[in-house]
Every structure is written in C-alpha cells, then in structure tokens.
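Visitor:
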C-alpha cells in the first residue's frame with residue numbers, strides 16, 4: 006500500500022478529527038492499562054509480603070516447637086545421662102520430671118543402649134516381641150553419628166506394646182549419646198517421640214487462603230492438610246515447588262514462598278492463588294474500563310471542537326491552491342488573523358508569482374542546457390591521441406616508410422574531420438563507421454598490427470542518424486581492456502544492423518572478457534581508458550545516447566571472462582536530416 010495515499014480523498018478536518026480521536030483512545034487506554042498495571046503490581050507486592058510474613062511466622066512456630074524438643078534432649082543428655090553410671094543410678098525421676106513438664110508435646114522418651122535395649126523410658130514402655138531395634142534405619146543412622154540431632158518424618162509409633170491397641174502418629178527426634186557403664190563409655194540413642202498434634206498446632210497459624218505443607222530435603226511430603234486426597238501429579242507439583250530456592254516465587258497466577266526449617270532439613274512451602282483471579286478483579290477491571298471510556302468521551306468532544314476550528318482556517322488556503330492547480334497563478338489569499346495561516350497565504354502568493362517566472366526561465370534554459378550537455382560530453386577528446394599518432398608518423402618517416410606515413414596522415418585527417426563534423430552532433434552511420442575505420446587503422450599502426458578488425462555496414466543503415474563518437478569509445482574499450490595484452494592475435498568486429506524497431510551499432514572482440522561486476526562499473530564510469538586514448542568512456546556514450554534519444558535507448562553489454570565482449574548501442578531508426586526537423590519542432 007502506498008503510504009502517501011492512505012488519506013487520499015479525505016478532508017483535513019476529518020483527518021485531524023480522526024487522528025485526535027484515535028490518539029485520545031490510545032492515550033486513554035494506555036493510561037487505563039498503566040493504572041491497572043500499577044494496581045496489579047501493588048496487589049501482587051502486598052500478597053507477596055503477606056505470604057512471606059505468614060511463612061516467617063509458621064517457620065518461627067515450627068522452630069520454637071523443634072527448639073523445645075531439642076532443649077529437652079539437651080537437658081537429659083548433658084545434665085543427666087552424661088553425669089551418671091546408668092547401671093548404678095536410677096534416672097527415672099529425671100526422665101519423668103522432664104516428661105511431665107512437656108507432656109503436651111512429647112509422646113514418650115526412651116534411652117537405648119548400643120544393643121538396642123531400652124535403658125530408661127517414660128512413660129514406662131516395653132518393646133514388642135521380636136522387635137529388632139538395631140535393624141531400624143533411625144537407630145543405625147543415629148548410632149553412627151556423633152553430636153547430630155536427627156528428625157524423622159511423621160509415622161505411626163509401633164515399637165512398643167500398647168494395651169489400648171491404638172498407635173499414634175509421632176515425629177521422632179534421635180540423638181547419639183555416650184552412656185557411662187563403670188569405667189567405660191558406650192554409645193546409645195536417645196529417642197524422643199513428639200506428638201503429631203504439636204506439628205499440627207504449629208501449622209495452625211497459616212493463612213486460611215493459603216496452602217501450607219512440609220517436605221523433607223528431597224521434596225517428599227511430611228505434612229499436608231490434604232495429603233491423603235492429593236493425586237500423584239499434585240504431589241509431584243508440591244515436590245517441584247519445594248525444591249525451588251529459598252525465597253519468593255511466582256508461577257503463573259500462584260505465589261510461592263519457600264523457607265528451610267533449621268536443624269531438620271525440612272522445607273516449608275506456602276502457596277497462595279492470586280486475588281486477581283476472583284470476581285473482585287472483574288469488578289476492578291470494569292471500573293478502570295469505565296474511567297477510560299469517560300476520559301475518551303471527554304477528549305473526543307474537545308478534539309472535535311478544536312479540530313473544526315483549526316481546519317476551518319485552511320479552507321481559504323485550499324481554495325487558493327486549487328486555483329493554482331487549475332493554472333490561475335494570479336491568486337489572492339484573504340487574511341484570517343492567525344499569524345501562521347496568514348504567513349502561509351503570503352507564501353502561496355509569492356510561490357505562484359515565482360512559478361510564473363520559473364516557467365518562463367525553464368522554457369528558455371531547457372534548450373540551452375540540452376545543447377551544452379551534449380557539447381560537454383563530446384568535447385572530451387584527449388589530445389594525447391593526436392600526440393601519439395604524430396609520434397607514430399614521425400617514426401615511420403625516420404624508418405623510411407613514407408607511404409605508410411602518408412596513409413596515416415590521411416586517416417588522421419579523416420578521423421578529425423568526422424570528429425569535428427562542422428560542429429554537428431548528429432552524423433550518418435556511414436560517416437560513423439568511416440570514422441571508426443580511421444581510428445582502427447591508426448591504432449593498428451601504433452600497436453604494430455597486433456590485431457585485425459572487420460567493419461560491416463548493414464543494409465539500409467548507412468543513411469540513418471547517430472550521434473558522432475558513438476563507436477570510437479567502444480572500439481577503444483575493446484582494444485585497451487580486451488585484446489591489447491593477448492598472446493594470440495586479437496580480432497575486432499564492428500557492424501551496424503536493423504533489428505525490429507531499433508538501429509544497432511555493435512562492437513565485438515575476442516579478448517579477455519569481463520565479469521558482471523566489471524560490466525556494471527564500466528557502464529557507470531568507474532573504469533576509464535588510459536595510456537593516451539581518447540578519454541571518452543563507455544559510460545559517456547551511454548549517457549549521450551540516453552540524453553539525446555531518451556532513457557529507453559543506450560548501451561547493453563554481454564561479456565564473460567575469457568569469452569570476449571559484445572557492446573551494443575541501441576538507437577531509434579531515424580533517417581539523417583529528419584532528426585534536425587524534429588529537434589526544431
């Protein structure tokens with residue numbers, strides 16, 4: 006689509022009004038969208054802050070629950086177990102005292118020796134028959150440790166006999182201990198079973214709009230309020246989020262906060278859906294859209310009034326320009342009182358007056374310029390050609406070749422006679438071929454008969470018109486760039502012929518040929534003759550043909566490396582003498 010014709014046929018006031026309305030709509034929508042985005046960003050930031058704070062509170066609650074259990078473990082170990090011989094001292098009271106003080110969070114406390122036998126326990130428990138404690142994973146990992154406290158995921162505690170037959174969910178905390186037995190020390194394991202209700206109680210502070218769950222360091226669920234209702238795919242999603250880096254994350258319309266729980270290696274994940282998904286967000290969007298529509302309506306009304314007032318001042322200018330377009334250059338523009346429009350009106354009147362003057366001058370200068378351009382292009386004959394030719398003639402005379410010297414003088418005289426042509430631009434094809442024949446004879450003398458040439462005048466072409474010095478630069482190009490440096494004998498063909506509705510003047514050689522890139526440079530004048538030649542390049546001929554006969558005429562070149570070159574001059578078929586009549590008319 007032509008961009009310049011998009012508004013073709015529209016009046017200025019309509020274009021201005023449409024442009025103002027479109028800009029108003031765009032600006033209003035951008036403002037509304039920008040305002041809505043600010044609102045969204047503020048809501049998102051608020052949600053993220055609230056989610057982070059809630060996660061921090063949950064982390065603190067869980068950490069406090071864990072710290073209480075660790076503190077009980079520390080007191081038992083450092084204040085009781087390490088200071089007595091467990092075979093000679095009864096530690097039951099100390100165990101019971103600590104248990105009674107933390108009964109709401111602790112299910113049982115059991116001290117095992119290295120063989121997996123209970124040493125002390127509170128409340129009093131007894132192992133199930135055939136229960137191999139030493140084969141349990143938690144026991145093996147703890148007994149191999151030193152000072153590390155290990156927490157294990159929630160599980161059903163079924164190590165001990167239970168008269169009531171119900172087994173409760175617990176969270177096991179184990180730590181390795183050193184037991185004193187006489188003069189020696191052996192390794193043992195302190196097991197504190199924490200009530201699962203304590204973990205649930207710590208998670209109660211979670212926001213009701215969020216989903217909170219715990220995983221181990223590999224992302225496996227430890228706690229989830231709906232753990233038994235989750236599908237395998239949902240569990241995998243929970244695992245993927247738990248393995249994210251600590252901090253805040255956004256996944257689509259869901260916000261996720263990830264924090265690690267100290268001492269345990271557990272990962273706390275808090276998820277919350279964006280509040281912008283609900284019906285309240287739809288009402289918010291509708292509100293912003295309403296504001297935008299009101300803003301657009303006001304701007305459109307203001308723009309219509311302003312555009313009508315401004316464009317009405319251009320009607321007088323439009324009428325004046327139409328008169329100029331119709332040929333009335335004696336136009337008058339009435340003043341409107343607006344500085345810019347009055348200034349433009351005065352400029353239009355000055356322009357009309359100047360156009361009248363320019364039209365007159367252009368008509369006078371056109372013929373002068375055309376003749377001067379032709380004369381300038383045809384005047385580029387290098388005097389070195391004359392000097393070099395005279396040198397050849399002198400050389401012939403000095404070497405006893407007066408007949409050849411006389412022939413060369415005749416050819417030189419004929420060459421310049423046709424070149425001058427009494428100042429005429431147009432000559433016959435017959436004279437142009439005679440002119441190039443003289444040139445080739447002289448050049449063959451200069452290059453000591455290093456090439457042969459053939460000149461053929463096509464039937465019916467002798468009395469047709471051409472501009473002088475058309476063929477000589479083409480032949481010069483064939484000599485200089487085609488055959489002068491060949492090892493074999495060079496050959497040049499010059500002929501004229503009629504083809505369809507054109508007169509063709511053809512120069513062909515069997516020389517080195519040219520690449521397509523070199524052909525392009527030759528036509529635009531980037532390759533010039535050298536070494537004392539005429540100086541009128543191929544591009545000069547091309548320009549003169551187009552200038553005199555029109556852009557549809559000129560030169561065409563067919564050439565390939567090592568395959569010779571053919572240059573064809575395309576001219577209209579005009580009998581000699583008629584072109585002068587056409588030029589006068």
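In this note's numbering, the protein residues as written are 6 to 590. Each residue gets a CB set at the ideal place from its N, CA and C atoms; glycine is no exception.
1) Is residue 174 helix, strand or coil when you go by DSSP?
2) If you scan the stretch 109–195 from start to end, which runs of the beta strand (DSSP E) of 3 or more residues do you find wholly inside it?
3) Give the range of the beta strand (DSSP E) segment to which residue 431 is assigned.
4) Given residue 304, which residues of its chain have a CB within under 7 Å of its CB, disregarding the five upstream and five downstream residues?
5) With residue 106 as the anchor, note down where its alpha helix (DSSP H) starts and where it stops.
6) Where does the unbroken beta strand (DSSP E) through residue 216 begin, and where does it stop?
7) Residue range of the alpha helix (DSSP H) that residue 478 falls in?
8) In terms of residue numbering, what span does the alpha helix (DSSP H) encompassing residue 257 cover?
9) Beta-carbon separation of residue 476 and residue 510 under 7 Å?
10) Using only CA atoms, which one of 435, 473 and 481 lies nearest to residue 466?
11) Pick from 75, 450 and 500: whose alpha carbon is nearest that of residue 439?
12) With DSSP as the reference, label residue 459 as helix, strand or coil.
13) Which whole-angstrom value is the C-beta distance of residue 125 and residue 93, which I expect to be below 8 Å?
14) Determine the contact status of residue 52 and residue 260, defining contact as a CB-CB distance below 7 Å.
15) Where does residue 493 land, buried or exposed, given buried means 16+ other C-beta within 10 angstroms?
16) Please report the distance separating the alpha-carbon of residue 386 from that of residue 407.
17) Who are the Cβ neighbours of residue 394 in its own chain at under 6 Å, not counting the five residues just before and after it?
18) List the DSSP bridge partners of residue 507.
19) Please confirm if the stretch 233–244 is in contact with the stretch 193–201, defined as three or more CB-CB distances below 8 Å between the two stretches.
20) Which two residues bound the contiguous beta strand (DSSP E) that contains residue 524?
21) Would you mind working out which of 366, 329 and 132 sits nearest residue 350, comparing C-alpha positions?
22) Alpha carbon to alpha carbon, what distance is there between residue 278 and residue 146?
23) With a 10 Å radius around its C-beta and 16 neighbouring C-beta atoms as the bar for buried, classify residue 271 as buried or exposed.
24) Terminal residues of the continuous alpha helix (DSSP H) containing residue 553?
25) Among 223, 222 and 207, which residue has its Cα nearest to the Cα of residue 230?
26) Go ahead and pull the three-state DSSP assignment for residue 33.
27) Would residue 569 and residue 514 be called neighbours here (beta carbons separated by less than 7 Å)?
28) Can you tell me where the alpha helix (DSSP H) with residue 644 in it begins and where it stops?
29) How is the beta strand (DSSP E) around residue 452 delimited, first residue to last?
30) Just verifying my parser: in three-state terms, what is the DSSP assignment at residue 562?
31) Name, in chain order, the residues that DSSP records as bridge partners for residue 358.
32) So, for residue 536: in the same chain, excluding its five sequence neighbours on each side, which residues have a beta-carbon less than 6 Å away from its beta-carbon?
33) With DSSP run on the structure shown, which of helix, strand or coil describes residue 265?
34) Go ahead and pull the three-state DSSP assignment for residue 305.
35) Among 90, 120 and 550, whose alpha-carbon lies nearest the alpha-carbon of residue 186?
36) Taking 7 Å as the CB-CB limit, is residue 260 close to chain D?
Guide: Reading from the atomic positions:
1) strand
2) 111–117, 123–127 and 174–186
3) 431–433
4) 29 and 33
5) Where residue 106 is concerned, the enclosing alpha helix (DSSP H) stretches over 97–106.
6) 215–220
7) Where residue 478 is concerned, the enclosing alpha helix (DSSP H) starts and stops at 476–483.
8) Element bounds for residue 257: n/a, residue is neither H nor E.
9) yes
10) Ranking the options by Cα distance to residue 466, first place goes to 435.
11) 500
12) strand
13) That belief does not hold up - the Cβ atoms of residue 125 and residue 93 are roughly 13 Å apart, past 8 Å.
14) yes
15) exposed
16) Since pLDDT at residue 386 reaches only 49, below the 50 mark, its modelled position is unreliable, and the value read off the structure follows with that caveat. Put simply, the backbone Cα of residue 386 is about 27 Å away from that of residue 407.
17) Correct list, in chain order: 417 and 447.
18) 504 and 577
19) Flag = no, the stretch 233–244 and the stretch 193–201 do not touch.
20) Careful: residue 524 lies outside any beta strand (DSSP E), inside the alpha helix (DSSP H) at 521–529.
21) 329
22) 40 Å
23) buried
24) 543–554
25) 207
26) Reduced to three states, the DSSP call for residue 33 is helix.
27) Going by C-beta atoms, residue 569 is nearer than 7 Å to residue 514.
28) Because the chain here runs from 6 to 590, residue 644 falls outside it and cannot be looked at.
29) No beta strand (DSSP E) holds residue 452; DSSP gives it neither H nor E.
30) strand
31) According to DSSP, which records beta bridges pairwise, residue 358 is partnered with nothing at all.
32) Note that residue 536 scores a pLDDT of 46, beneath 50, so its modelled location is shaky; the value from the coordinates is reported in the next line. No residues qualify anywhere along the chain.
33) DSSP, reduced to helix, strand and coil, places residue 265 within a strand of the structure shown.
34) DSSP places residue 305 in helix when its eight states are reduced to three.
35) 90
36) Note that chain D does not occur in the displayed structure, where there is just one protein chain.
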